[in-house]
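Here the sequence shown is numbered in our numbering, starting from 302 and rising by one per residue.
Notes follow the structure.
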Amino acid sequence: MSIGLKQVFNKDKTFRPKRKFDPGTQRFELHKRAQASLTSGVDLKATVQLPTGEDLNDWVAVHVVDFFNRINLIYGTVCDFCTERTCPIMSGGPKYEYRWQDDNRYKKPTALPAPQYMNLLMDWIEVQINNEDIFPTSVERDDCTYVSVKMDHMEYGTQL
């Protein structure tokens, strides 16, 4: 596995072989779902469009939390391999480097190892999600619940 990791994290190469996942593992199941979503023919633009009659703020709140949960899940599948040694800088390929700034500890954009950057980012997002001024939890309607059930659990409803 470590020999393959050198290829995956080699920032000078543009070709990276596809990862193979062992059947029956969580990573294999995530990979299958990701592949299915890419080839399902789903109109992504229609999927994220605000439904008629729905409140934009409620719609955004539901999807921000869902996106946060999915990013946590995805990052969880690679965090054992993404270390300060293998990922000394948070980057998006060889052309993009991300720097952290939070106006508290990091007052200027600061290059950080990817795991540290990701931990700070996840903590920051969680603070934003839990901020009542940004995402109030007392809503007049149950639209968020309805939207969440409809968007995230309809596959189970159709199986019933």
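Glycine included, every Cβ here is placed at the ideal spot set by N, Cα and C.
In this text, all values refer to a predicted model and were calculated from it rather than measured experimentally.
- Message: So, for arginine 401: in the same chain, excluding its five sequence neighbours on each side, which residues have a beta-carbon less than 6 Å away from its beta-carbon?
- Response: Here the question's residue 401 lines up with position 100 in the sequence shown. In the sequence on display, residue 401 carries tryptophan and not arginine. Same-chain partners within the cutoff: Tyr407, Thr411, Leu413, Tyr418 and Leu421.
Margin query: Cutting at 8 Å between CB atoms, please list the residues of its own chain near leucine 351, excluding the five before and the five after it.
Written below: Taking the sequence shown and counting its residues from 1, one reaches residue 351 at position 50. The answer, listed in chain order, is Leu357 and Trp360.
Give the secondary structure of glutamate 398 by DSSP, where H, G and I count as helix, E and B as strand, and everything else as coil. As a working note, residue 398 is residue 97 in the sequence shown. Under the three-state reduction of DSSP output, glutamate 398 falls in the strand class.
Pull up the distance between the alpha-carbon of proline 416 and that of valine 379, whole angstroms please. Reading the sequence shown from its first residue, position 115 is the one you call residue 416. Reading the sequence shown from its first residue, position 78 is the one you call residue 379. Each residue's Cα considered, the two are about 10 Å apart.
Where does threonine 411 sit, in a helix, a strand or coil, going by DSSP?
Taking the sequence shown and counting its residues from 1, the one referred to as residue 411 is at position 110. In the structure shown, threonine 411 adopts extended strand secondary structure according to DSSP, grouped into three states.
| Which residues in the same chain as aspartate 453 place their Cβ atom closer than 8 Å to its Cβ, once the five residues preceding and following it in sequence are excluded? | Here residue 453 corresponds to residue number 152 of the sequence shown, with the count starting at 1. Result list for aspartate 453: Asp367, in chain order.
- How big is the Cα-Cα spacing for asparagine 373 and methionine 423? Counting from one through the sequence shown, the residue named residue 373 turns up at place 72. Counting from one through the sequence shown, the residue named residue 423 turns up at place 122. About 8 Å.
Q | Cβ-based neighbour list, asparagine 370, same chain, cut-off 6 Å, excluding 5 preceding and 5 following | A | One-based indexing of the sequence shown puts residue 370 at position 69. Hits under 6 Å: none found.
Distance between threonine 384 and serine 303 (C-alpha atoms, nearest Å) | Your numbering for residue 303 matches position 2 in the sequence shown. Your numbering for residue 384 matches position 83 in the sequence shown. For serine 303, the predicted structure reports a pLDDT of 42, less than 50, and the residue's modelled location is therefore unreliable. The matter cannot be settled from this model.
Q. Any idea if lysine 396 is buried or exposed, counting beta-carbon neighbours within 10 angstroms, 16 or more meaning buried?
A. Within the sequence shown, the letter at position 95 stands for residue 396. By the neighbour-count definition (other C-beta atoms within 10 Å, threshold 16), lysine 396 is an exposed residue.
If you count every other CB in all the chains shown that lies within 10 Å of the CB of valine 363, and 16 or more means buried, which is it?
Taking the first residue of the sequence shown as 1, we reach residue 363 at position 62. The Cβ neighbour count for valine 363, taken over all protein chains shown within 10 Å, is at least 16; the residue is labelled buried.
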